[in-house]
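Quick note on our numbering: the sequence shown kicks off at 8 and runs consecutively.
We treat Cβ as the ideally placed atom computed from N, Cα and C, and that holds for glycine.
Scroll down for the structure; my scribbles are underneath it.
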Amino acid sequence: MFGSDKIYFQRDLICQLRATSMINTLLLLLTFNVVGPPVVEDLNVLDGGNPNGPTWIDWNDPGLMLVQHLNGLTRECLAAREDEVSSLKTAEDWKTRQTKVRQTLDQILGPWPDRTPLNPQVTGTLQKDGYRVEKIVFESMPDFYGTGALFIPDGLEEPRPAILKVIGHSAQAFRRDLYQNVILNLVHKGFVVFAIDPLGQGERLQYFDPKTGKSTVGSSTKEHSHAGVQCFLTGRSIARYFTWDGIRAIDYLLTRPEVDPNRIGVTGLSGGGTQSSYIGAVDQRVRAVAPTGYITSISRLLGSIGPQDAEQVFYHGPLLGIDHADLLEVRAPKPTLQVTTTRDFFSIQGARETAAEVRHAFRILGHPERFDQVEDDFGHGFTKQNNESTYEFFQTFLDLPGNPEEQTYPFLTEAELTVTQTGQVSTALESENVFSINRREAQPMLERLIESRRDMGQHLPQALSEAAKLSGYRKPDATVAPVFRGQYQREGYRVQKWGVPGEDETIIPTLVFAPDEPGARPAVIYVHSDGKTTDAAAGGKIEELVRRGYVVAAPDLLGYGETAYKFRQGHASVQPFFNALMSGRSVAGINAGDAVRVMEFLQDRDDVKPNQIGAIAIGDVGPALLHAAALEQQIQWLVLVDSLLDYQSIVDHELYDVNANSLVAGALTAYDLPDLLASITPRRVAVKQPRTHLRTAATNDEITSSLGFVQQHAKDRLRVETVAADLVKLVEWCVAR
């Protein structure tokens with residue numbers, strides 16, 4: 008439509024409007040787009056949900072905000088380590104650091120179990136062309152059974168070097184063809200080889216279901232992480248169990264007359280590379296080690312695939328100054344071969360950088376020839392070239408000269424290599440598992456908690472101090488102003504969009520629901536684990552609170568709502584939990600700080616009474632808000648809905664279903680969620696339908712077991728509802744004086 012035509016059209020339209028009824032007027036206006044359709048509210052604060060592309064360059068990928076922040080925290084720890092390593096100039100400097108690293112690894116992986124009797128059993132023998140196989144069961148710890156196969160060359164006239172072959176994440180474990188290929192080449196070259204099943208693989212499934220013949224929790228990595236979370240809650244690493252199995256396997260090798268105890272090697276791919284690195288770092292009997300397809304650097308790991316399953320995560324590792332290089336440097340100058348591939352998902356750049364540092368350490372310690380890094384152009388796995396480098400390495404440094412060329416040999420069947428009668432230690436031997444051992448070892452710390460609670464006046468301040476430290480809570484230091492992103496008008500109130508500054512460079516997307524009537528009023532921080540928009544629609548719970556006279560701030564804490572991690576890489580929902588604990592932090596502790604920042608943001612508003620701010624937490628964010636209210640007295644009251652009852656139940660039960668972002672590694676060494684609940688009183692707290700470790704509604708007996716001491720301490724300041732109590736009425740009860 009040309010300009011002059013548009014003028015005539017509008018003049019004619021005005022004449023028509025004057026001659027029609029109001030209804031027809033509105034219809035005509037809508038028809039000709041003079042009045043637009045009803046406004047569709049976009050309640051995203053950042054740009055993650057904008058289909059037309061980013062309009063805010065700084066905040067255009069909120070789904071990675073959490074993991075990038077956690078990466079930065081861990082890299083701060085790694086930078087401190089790098090400064091220390093760069094200051095090492097002499098052999099004595101390096102030896103001093105080696106002593107420190109050994110002590111740190113003992114701290115991370117310990118306390119080591121006692122060396123109890125192995126009680127080995129040979130469950131079967133196979134004679135093959137040029138070698139025999141003995142199928143072995145041994146007790147790594149009492150009633151904690153390991154399974155493996157000992158490959159012995161024929162015609163031995165004197166003790167031979169032995170290789171402990173540890174295995175990556177394969178359901179078949181050492182029975183898989185690609186592992187048998189390396190085993191058979193080594194045994195045909197004259198080595199005794201002991202291949203063992205890792206936890207969660209082969210015949211050692213930790214959560215085996217006899218009805219289905221499968222794991223209850225899933226793949227090997229899921230088995231490792233499921234048990235790993237339970238270990239981390241008690242301040243321990245599941246890596247301890249993998250490492251101890253390797254140490255005990257070497258103990259068994261040294262009982263064999265075929266084995267020279269001074270010529271022990273360890274090698275493995277992927278998860279086996281992880282185990283090789285651990286065992287070689289802590290067991291001084293290992294003369295030569297060749298980890299394959301694992302060693303990189305933690306910084307490069309974070310920038311690529313992120314932390315992997317719990318087997319590969321040390322409790323507070325980087326915080327205590329441990330990187331991949333330390334696992335090799337601590338054994339210098341003992342022979343070490345770092346086996347890599349250029350297209351591995353374990354960053355080759357990190358592998359090369361680590362190799363350069365390790366090579367420098369070996370050179371300073373006088374034996375540069377005892378370390379090497381080899382690489383081949385391949386993805387994640389074995390290659391013929393790398394395998395032959397590994398064979399040659401062991402032939403050289405375990406004093407068994409020979410031809411390193413790889414040959415092809417007939418593989419054994421999985422049935423031939425089955426060690427136990429049923430194919431699983433859980434059914435054949437009623438083996439303990441990591442869960443049962445961790446639960447038993449956690450009992451003394453839980454008993455200390457119970458004893459400490461007898462004197463609440465002394466216990467609660469100690470529990471709060473430890474909660475702040477273990478969760479990594481940082482009291483906010485607001486230096487950056489919030490960013491206003493626009494608003495929508497609703498009947499009687501406005502919905503404002505704010506970017507509230509979070510920790511470091513993070514942003515807390517926040518909606519503020521503010522009544523139109525002037526004047527200061529009480530405020531509510533309303534946090535939902537499904538995101539800030541869940542109850543934000545007109546007529547919803549938030550609007551009901553606004554009409555009762557509250558200003559309501561609904562934030563997306565880091566990792567939720569707009570900033571929910573999209574799991575683009577790494578091991579599902581546990582990855583941020585693992586990432587955070589490496590630096591001594593927790594997502595729950597960071598979220599607690601975010602909640603306090605939102606409180607301070609509200610306190611700065613003219614329409615809020617700064618000393619009348621409470622909080623509502625719904626779902627998985629409950630523990631974070633519980634930490635916030637316990638550690639920040641200015642949150643006047645708290646309502647928890649569908650929130651986890653306690654951490655102890657996760658350790659006490661084999662199966663659980665929780666959001667790992669709500670957990671704090673090491674918490675049970677000093678406190679549990681009910682301790683935080685008790686500390687909040689004499690402020691009022693309402694708990695609606697608390698949830699168990701399986702997300703089921705807690706029964707009265709479960710509530711009494713967990714919260715009994717809190718109810719006795721808090722008296723009428725704590726209200727627990729197991730039925731569908733009205734949320735607004737719970738708020739009114741909390742506010743009542």
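Cβ pair residue i, residue j closer than 8 Å
i    : j    : result
V671 : L477 : yes
V534 : L565 : no
D252 : I203 : yes
A636 : I687 : yes
P583 : N707 : no
P689 : R724 : yes
V487 : A521 : no
P753 : S283 : Any property of residue 753 remains undetermined from this structure, which presents the chain solely from 8 to 744.
R555 : V735 : yes
T228 : D316 : yes
L240 : F201 : no
L424 : R263 : no
L309 : T111 : no
A750 : Q208 : The requested residue 750 is not part of the displayed model; the chain covers only 8 to 744.
E506 : W66  : Per the sequence shown, residue 506 should be read as Gly rather than Glu. In contact: G506 and W66 (Cβ atoms closer than 8 Å).
Buried or exposed by the 16-neighbour rule on C-beta atoms within 10 Å, applied to residue i
i    : result
V738 : buried
A87  : exposed
T699 : buried
G373 : exposed
V381 : buried
G546 : exposed
G591 : buried
K548 : buried
V747 : Any answer about residue 747 is impossible in this case: the structure gives the chain only from 8 up to 744.
G409 : exposed
S93  : exposed
N618 : exposed
Backbone secondary structure at residue i - three-state DSSP
i    : result
K539 : coil
A530 : strand
N666 : coil
W644 : strand
H578 : Confidence at H578 is low in this model, with a pLDDT of 44, below 50, so the placement of that residue is unreliable and no value is reported for it.
K229 : helix
G357 : helix
Y322 : coil
E739 : helix
D614 : coil
W101 : helix
E512 : coil
I271 : strand
L85  : helix
I625 : strand
Y495 : strand
Beta-carbon proximity list for residue i, same chain, < 8 Å, skipping 5 on both sides
i    : result
T473 : For clarity, residue 473 is Glu in the given sequence; the question names Thr instead. If we look at E473 and ignore the five residues flanking it on each side, its Cβ neighbours are T676, A677 and Y678.
Cβ neighbours of residue i in the same chain (closer than 7 Å, five flanking residues each side left out)
i    : result
L261 : P268
S277 : G175, H176, G300, Y301 and H387
L405 : P168, R270, G272, R294 and A295
S28  : Confidence is the limiting factor: at S28 the pLDDT is only 40, short of 50, which leaves the residue's position unreliable and the question unanswerable from this model.
L77  : P583, N586 and A587
G509 : I515, L565, D601 and R604
P120 : M148 and W251
E265 : I159, L163, P166, R167 and V199
Same chain only: Cβ atoms within 6 Å of residue i, ignoring 5 sequence neighbours per side
i    : result
A560 : T517, V519, I532, V605 and L609
L436 : Y152
E364 : A332
A314 : For clarity, residue 314 is Pro in the given sequence; the question names Ala instead. Same-chain partners within the cutoff: V320, Q582, F585 and N586.
G131 : K142
H720 : M463 and A685
I440 : According to the sequence shown, residue 440 is Asn rather than Ile. Here the set comprises Q213.
A705 : L652, P697 and T699
F748 : As displayed, the chain neither begins before 8 nor continues past 744, which places residue 748 out of reach and without an answer.
M72  : T513 and T570
G626 : S536 and D649
D383 : T348, T390, Q392 and N393
Cβ-heavy atom distance, residue i to the ligand NAD, below 7 Å
i    : result
H387 : As presented, the structure is devoid of all ligands, the ligand NAD included, so that no description of it is given.
Quiz prompt | Start-end ranges of the alpha helix (DSSP H) lying completely within the stretch 131-193, minimum 4 residues | solution = none
Quiz item: Could you give the uninterrupted runs of the beta strand (DSSP E) lying entirely in the stretch 292-322, keeping only those of 3 residues or more?
Solution: For the stretch 292-322, whole beta strand (DSSP E) runs of length 3 or above, ordered along the chain, are 293-299.
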